[in-house]
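Those sequence lines, one after another, are chains A and B.
When we follow our numbering, the leftmost residue of the first sequence carries the number 1437, and every step to the right adds one.
When we follow our numbering, the leftmost residue of the second sequence carries the number 25, and every step to the right adds one.
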Amino acid sequence: MNLILFTFIVLLGFTSYYFGRKKAYTIQSTKKRLTALPQFYGYYLAIWCAIPAFIIFSLWAIFEPTIVKLLILSDYSNQGYLDDELNLLYEKSKALSRGQFTGEITPFIEASAEKYLSLRSIAQSSKVVIVLSAIIASVAYAYKRISSNSRTREPVEKFLNAVLFTASLAAILTTVGIVFSLIFQTIDFFKVIPLFDFVFGTHWYPAKAFVRDSSEALDPTMYSDTFGAVPIFAGTFFIAFIAMCVAIPIGLMSGIYLAEYASTKVRQYAKPLIEILAGIPTVVYGFFAALTVGPFLKELGTSMGLEVSAESALAAGGVMGIMIIPFISSLSDDVITSVPQSLRDGSYAMGATKSETIKRVIFPAALPGIVGSILLGVSRAIGETMIVVMASGLAANLTLNPLESTSTITAQIVVILIGDQAFGDPKTQAAFALGMSLFLVTLCLNIVALRVVKKYREKYE
Amino acid sequence: MNKNKEQLLNKRYKAEQRFRLYGLSAIFMALLFLTIFIFKIFSTGYSAFQKTWLIVPVTFDAELMMLDQNPSKEDLQDADYYDIALKSMADLDPNANEDQENELKRMVSYFFEKEIKNELLNDPNLIGKTKEVYLTASDDLDQVFKGNYPRDLPEDQRRVSDYQLKIFDQLVANGKVESKFNISFFTNADSREAELAGIASSFMGSIFSILVCLMIAFPVAVLAAIYLEEFAPKNRFTDFIEVNINNLAAVPSIVFGLLGLGVLLAIFQLPRSTPLVGGITLSLMTLPTIIIAARASLKAVPPSIREAALAMGASRMQTTMHHTVPLSMPGTLSGTIIGLAQALGETAPLILIGMVAFVNTIPGSPMDPAASLPVQIYIWAESAERGFVEKVSACIMVLLGFLIIMNLFAQIIRHKFEKKWS
């Protein structure tokens, strides 16, 4: 139904465009000067067709469900139902009207379901009537304005400008959405668990906090010593550290080689090949780490008499490092290539060898950019999820032994939220609190890194 | 003194060579990882494209199937195939006792009844006759036949019994085991049984999510890029937007999953586990990537183009829409494809919005629950059965294939259509 109406409105839009342009031609044929190109007359009319439709559609989408719900539940007011029961009743009658209801059908629910259906059909038909009459009114108004040959290009362009501006707000809206989705759950979480326990507690057993009865949920003593995030934070930074130990030397050296030594031919092939590593989905790395690297390290360790867990931090961190190599190599490659040639020439002229020039002149000059790229790499390592979920352990161990298993922020979020979640349960809220800390940490890293790289670019541009 | 100098010089040259070697070996290491990686995936995955069939003689006994004389099509549909299916498996070893008959039954997939039924539906004249029917082998025997199964383990540590192996070896010796191209891997939905599991449902899930993502992210991102590059005044607010975009591009993907869960599912009440929600979440993630690519390619259009159009009396909007934007499209499109390729490989946010649910139907629209290819890889990788290992690798091969095609496509667009200025 909505789809048909929508198609019809789109068709109406095209027709109004056509009539607008035609009007422009008739005005032109009377030897009057047009104020804009004929198609602007068409756009003008089409926009006046689209705006009321859009406004009414969105108003309807926002208010219809609430109003229908109010009307249905008004039957049950003064009967001493609780809010939760009323909500349940409403959901039941909605499900029944769709034929998806499986429980016991009471006359109450049946009556509400019928009422629901009739209200919905009334709402639908009134929507059609209102939308169409609004469109007719606004198009008629616009047509009158066109006929008197008033300006059309300026309003059309202003409208387009507004559309462009709105689109550019999407990025801000997304950020707001992220903060919004995280902050309420996080605040609720810290109402039950003191911030101090979260930041300095050393025991993390969210499974213990699984609550079935919602009336028990508010007893804070139950959760003491379950949500201490220290092992999680430590594990996150530890695995990121292992990853950077792999990624920085390999990435930096290959970046330097590509920028300074490699012939054009080698560069042409080696650079995209290394960048393939960045394009491989992380879940594939996770599978590789869990199936190949983990067991390999375990066997290697056993042959050397070491006890290695099959899900060691080393396996996850090492594979994560491989994933980060291309980020560091291509960013540092860019940074090094943008160091001005005059610095190199100066150094060569003093008799320095190539490697001396790189180590003593180019590297210090490029250092801010390289630090920026490493920070971006760290931020990626901290936010990486699938490798850790699949290759490292899910139990939070507080350890600095790379051969044992540890867990990270991201892995814990997945462990908690996989499957069904009950909002309002501290366990679910804990995942959002972890998400919030992850967001804040990566935000700081990103902002610092981006600023450093930008400053550096400005210096040599 | 001179000797000292020479020594020093030699030392410096050696250091130079060493440094060069470090660089070369770093590149070599990176490429080595890539090679090992690809080799490992291919060597474990290629066998999943083959499927093992047992060729078993089936007697279509009308009495056992509870069929009357001259049965109609409906009768054939409703007939009882379980008994003849069981009997034909039990007949593989005439001396089998009851336990062994059960083991014989477990040599094929639980789908065997249906396979026999389809055989008869295709040719109703088979009633009363005996025909050799291809039955899907159980996943363990499939692995045995492909040589991936450790047969030398003690019997109590493997899922295939000695008895099953004995019968299986007899069948192999008689040429009654055959390996054919595994079509069902591409046409079946997910299944708990490795031998029946396919990627059709997750593949469709991926396609739907990517389409939703494209339809939202592309227009919004292009419009935003046009505004920021061509119209936006330089002030604090636009700087803020820019910082936002750059930062969003580096936010961990799982945070977008939390956004999808906390806003799209909890507040807007969109249906869980569907490609619709997955696509919206992914579109928020791809948005900054496309905006950055589109801005870069708008920036690459030389100002002379704009000045020429303005000089001819075009308005700024006309200049942008008629000249700048079309010229920037190749770069924007290739950036979009690369962004979509990233979204196609994304797993974590989809897990959070419930796209890991076990779905054994092929979704027909973005509103049906589905998995996606990377999530399917995760699901299969977490299952314990040996048969799933090769499936994971095969699924990875399909996914990588798609990513390679998309990236090639982006490259082609960039090189074929992008105008080189200067």
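Glycine residues also receive a C-beta, built at the ideal position from the N, C-alpha and C atoms.
Practice problem: Please confirm if P1762/A has its CB atom under 9 Å from at least one CB of chain B. | Solution: It does; some Cβ of chain B falls within 9 Å.
Self-check item: Best match in T1846/A, I1558/A, M1826/A for proximity to E1500/A [C-alpha to C-alpha]
Solution: Ranking the options by Cα distance to E1500/A, first place goes to I1558/A.
Quiz prompt | Collapsed DSSP secondary structure at V1775/A in the structure displayed | solution = Correct three-state label for V1775/A: coil.
Practice problem: Given a cut-off of 9 Å, decide if T1718/A and T371/B are closer than it, judged by their beta-carbon atoms. | Solution: In contact: T371/B and T1718/A (Cβ atoms closer than 9 Å).
Quiz item: On the three-state DSSP scale, how would you describe P81/B?
Solution: Strand at P81/B.
Exercise. Identify whether L1834/A lies in helix, strand or coil by the three-state DSSP scheme.
Key: Correct three-state label for L1834/A: coil.
Quiz item: If you measure from the beta carbon of S1809/A to each beta carbon in chain B, is any gap under 9 Å?
Solution: No - not a single Cβ of chain B is within 9 Å of the one on S1809/A.
Quiz item: Taking just the CA atoms, how far does I1712/A sit from R44/B?
Solution: Answer to the nearest angstrom: the Cα atoms are 23 Å apart.
Practice problem: Kindly say whether E139/B, judged by its beta-carbon, lies nearer than 9 Å to any beta-carbon of chain A. | Solution: No, no contact with chain A.
Quiz item: Tell me, which residues are paired with Q74/B by DSSP?
Solution: Under DSSP, Q74/B forms a beta bridge with F205/B.
Quiz item: How is the alpha helix (DSSP H) around E156/B delimited, first residue to last?
Solution: E156/B -> not in any alpha helix (DSSP H); beta strand (DSSP E) instead, spanning 154-160.
Practice problem: Quick one: measure Cβ to Cβ for L78/B and V201/B, integer angstroms, because I've assumed they're closer than 8 Å. | Solution: Contact between L78/B and V201/B holds, since their C-beta atoms are separated by about 6 Å, short of 8 Å.
Exercise. Identify every run of the alpha helix (DSSP H) within the segment 1759-1809 of chain A, keeping only runs that are complete inside it and at least 4 residues long; order them along the chain.
Key: If we require 4 residues or more, the alpha helix (DSSP H) runs fully inside the segment 1759-1809 of chain A come out as 1777-1785, 1790-1793.
Quiz item: Of all Cβ atoms in chain A, is any one closer than 9 Å to the Cβ of P398/B?
Solution: It does; some Cβ of chain A falls within 9 Å.
Quiz prompt | Beta-carbon proximity list for I278/B, same chain, < 8 Å, skipping 5 on both sides | solution = Excluding positions up to five away in sequence, the list reads A372, P373, L376.
Self-check item: Listed by chain order, chain B residues near S1529/A by CB distance under 9 Å
Solution: Contacts between S1529/A and chain B, judged by CB atoms closer than 9 Å, are missing: the closest CB pair is about 16 Å apart.
Self-check item: Closer than 9 Å to chain A by CB, R36/B
Solution: At least one chain A Cβ lies under 9 Å of R36/B.
Practice problem: Specify, as a first and last residue, the run of the alpha helix (DSSP H) that W445/B falls within. | Solution: In the DSSP assignment, W445/B falls outside any alpha helix (DSSP H) and carries neither an H nor an E.
Exercise. Look at S328/B and A394/B and say whether their C-beta atoms are less than 9 Å apart.
Key: It is not a contact, given that the beta carbons lie outside the stated cut-off.
Quiz item: In chain B, what lies closer than 8 Å to R1589/A by C-beta?
Solution: Close to R1589/A, with beta-carbon spacing below 8 Å, are these residues of chain B in chain order: S339.
Practice problem: With DSSP as the reference, label F447/B as helix, strand or coil. | Solution: Because chain B is modelled from 25 through 446, residue 447/B falls outside the range shown and cannot be assessed.
Quiz item: In this structure, does DSSP put P280/B in helix, strand or coil?
Solution: Note on residue identity: the sequence assigns Phe, not Pro, to residue 280/B. When secondary structure is reduced to three states using DSSP, F280/B falls in the helix class.
Quiz item: When we look at the beta-carbon of T1844/A and count the other beta-carbons within 10 Å, is it buried (16 or more) or exposed?
Solution: Per the 10 Å Cβ criterion, buried.
Self-check item: DSSP bridge partner residues for V132/B (one or two, in chain order)
Solution: According to DSSP, V132/B shares a beta bridge with A161/B.
Exercise. Compute the Euclidean distance between the alpha carbons of V349/B and V1775/A, then round it to the nearest angstrom.
Key: Rounded to whole angstroms, V349/B to V1775/A spans 32 Å at the Cα level.
Quiz item: Residue ranges of each beta strand (DSSP E) run of no fewer than 3 residues wholly in the segment 175-228 of chain B, ordered along the chain?
Solution: Here the runs fully enclosed are 201-205.
Quiz item: Of all Cβ atoms in chain B, is any one closer than 9 Å to the Cβ of M1680/A?
Solution: When Cβ-Cβ separations below 9 Å define contact, M1680/A makes no contact with chain B.
Quiz item: Excluding sequence positions up to five away, which residues of its chain have a Cβ less than 7 Å from the Cβ of A1578/A?
Solution: Leaving aside the five residues that flank A1578/A on each side, the residues in its chain whose CB is nearer than 7 Å to its CB run, in chain order, Y1480, L1481, W1484.
Practice problem: With a threshold of 16 other CB atoms inside 10 Å of the CB of H439/B, please say whether the residue is buried or exposed. | Solution: With fewer than 16 other Cβ atoms within 10 Å, it is exposed.
Exercise. For the alpha helix (DSSP H) holding E266/B, just list the boundary residues, first then last.
Key: Residue range 260-272 is occupied by the alpha helix (DSSP H) that includes E266/B.
Exercise. Measure from the C-beta of S417/B to each C-beta in chain A and report whether the shortest distance is under 9 Å.
Key: Yes, S417/B lies at the interface with chain A (some Cβ there is under 9 Å from its Cβ).
Exercise. Consult DSSP for F1859/A and reduce its assignment to one of helix, strand or coil.
Key: F1859/A: coil per DSSP, three-state reduction.
Quiz item: Listing by chain order, which chain A residues have their CB less than 7 Å from the CB of Y251/B?
Solution: Listed along the chain, the chain A residues whose CB falls inside 7 Å of the CB of Y251/B are L1600, F1601, A1603, S1604.
Quiz item: What are the start and end residues of the alpha helix (DSSP H) that includes T360/B?
Solution: The continuous alpha helix (DSSP H) containing T360/B extends over residues 349-368.
Quiz item: Quick check: the segment 1881-1888 of chain A against the segment 1801-1817 of chain A, are there 3 or more CB pairs under 8 Å?
Solution: Here the segment 1881-1888 of chain A lies against the segment 1801-1817 of chain A, with 3 or more beta-carbon pairs under 8 Å apart.
Quiz prompt | 7 Å CB neighbourhood of A1679/A in its chain, flanking five on each side removed | solution = Excluding the 5 residues flanking it on each side, A1679/A has same chain C-beta neighbours closer than 7 Å at G1753, M1756, G1757, I1760, A1817, in chain order.
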